[in-house]
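Heads up: the sequence shown at position 82 corresponds to 81 in numbering that gives the first Met the number 0, and the numbers run straight through without jumps. Written below as structure tokens is the structure these notes are about.
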Amino acid sequence: MSKKSTTLTIFITMLLSILLIGSANAQNEKDWTIVASYVIPEYSSGLAWDGTHLYFGIYGSDGGRIFQVNPADGSYTQLFTGPHEDAYGLTFDGTHLWTTDHAGGISDPA
């Protein structure tokens, strides 16, 4: 596994810990237990959560692809390939999944 994939895996793990454990912790105590870890493709970038699924993008020679992750089992499927070369940043606004192809750039809703 590459260093970038490992870093993204750690980031996803921490995000899930915050979202899943933090929301269930009524006494505001911090519990940083890793609840899940997933292997995802190299050159992954960007991360978004819609309340049900995680999303990540790909950059590089095969960039622009956007994937949806099922947090229950870690499986992922490609949703589409965006109109840009790289999918660096992702966010979900409650209705649309947005992606950017470079720092400071935006594109139409995915």
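We put the CB at the ideal spot given by N, CA and C, even for glycine.
* To do: Below 8 Å on the Cβ atoms is my guess for Gly45 versus Gly56; work out the distance and round it to an integer in Å.
  => 4 Å
* Just the Cα atoms here: how many angstroms apart are Gly88 and His52? -> 16 Å
* **For Thr6, three-class secondary structure by DSSP** => helix
* To do: Starting from the C-beta of Tyr54, find all residues in its chain whose C-beta is less than 8 Å away, skip the five residues before and the five after it, and write them out in chain order.
  => Gly45, Leu46, Ala47, Trp48, Ile65, Phe66, Gln67, Val68, Leu78, Leu89, Phe91, Leu96
* **Through-space distance from Thr94 to Ile33, alpha-carbon basis** => 29 Å
* Asked: Could you give the distance in angstroms between the alpha-carbon of Thr156 and the alpha-carbon of Ala86?
  -> An answer regarding residue 156 cannot be provided, because it is not within the stretch 0 to 109 covered by the chain.
* What does a CB cutoff of less than 7 Å around Glu84 pick up in its chain, not counting 5 residues either side in sequence? -> Gly62, Gly63, Asp100
* Considering only the beta carbon of each residue, do Gly73 and Thr98 sit closer than 7 Å? -> no
* What number of angstroms, rounded off, separates the C-alpha of Thr76 from the C-alpha of Ser16? -> 22 Å
* With which residues is Leu53 paired in a DSSP beta bridge? -> Trp48, Val68
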